[in-house]
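Trainee:
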Amino acid sequence: MVDRCVCYEKKFSDMKAVIDKYGLKSIEELRKYMIFGENCKICIPYIQLIFETGKTSFDVINFNISNE
Ligand code: FES
Numbered sequence: 010m011v012d013r014c015v016c017y018e019k020k021f022s023d024m025k026a027v028i029d030k031y032g033l034k035s036i037e038e039l040r041k042y043m044i045f046g047e048n049c050k051i052c053i054p055y056i057q058l059i060f061e062t063g064k065t066s067f068d069v070i071n072f073n074i075s076n077e
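Numbering (the working numbering), first residue to last: 10 to 77.
#1: Check this for me: beta carbons of methionine 10 and serine 66, under 8 angstroms apart or not?
#2: Output the distance between the C-alpha atoms of threonine 62 and tyrosine 17, rounded to the nearest integer angstrom.
#3: For the alpha helix (DSSP H) that contains tyrosine 55, what are its first and last residues?
#4: For valine 27, report the span of its alpha helix (DSSP H) as first-last.
#5: Leaving aside the five residues before and after cysteine 49 along the sequence, list all residues of the same chain whose C-beta is less than 7 angstroms from its C-beta, in chain order.
Written out as structure tokens, the structure is:
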């Protein structure tokens, strides 16, 4: 289960609370309120899913991220 940005110890549920409180629409807007996702960046596609689904925990997803 994926439920946080591990690198910055930020729970998705805490992110969702900020998203809802301020009516945020994007990761860029959320960055104004907290620091996350600037190290390995594995959490970024999941955080995008918070905006799209409202969920705060996810099964591990293969996003097919390519390094090419
Ligand atoms: S888990 Fe979020 S930057 Fe690494």
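Ideal placement from N, C-alpha and C gives every residue a C-beta, glycine not left out.
Mentor: Per the coordinate set shown:
#1: Here residue 10 refers to the residue found at position 1 when the sequence shown is read from its first residue. Here residue 66 refers to the residue found at position 57 when the sequence shown is read from its first residue. Yes; because the gap between Cβ atoms is below 8 angstroms, this pair is in contact.
#2: To locate residue 62, count along the sequence shown from 1; it is residue 53. To locate residue 17, count along the sequence shown from 1; it is residue 8. About 22 angstroms.
#3: Looking up residue 55 in the sequence shown gives position 46. Segment 53–62, the alpha helix (DSSP H) holding tyrosine 55.
#4: Position 18 of the sequence shown holds residue 27. Run containing valine 27: 21–31, per the alpha helix (DSSP H) assignment.
#5: Indexing the sequence shown from 1 puts residue 49 at position 40. By the criterion of a C-beta distance shorter than 7 angstroms, cysteine 49 is surrounded in its chain by Cys16, once the five residues flanking it on both sides are discounted.
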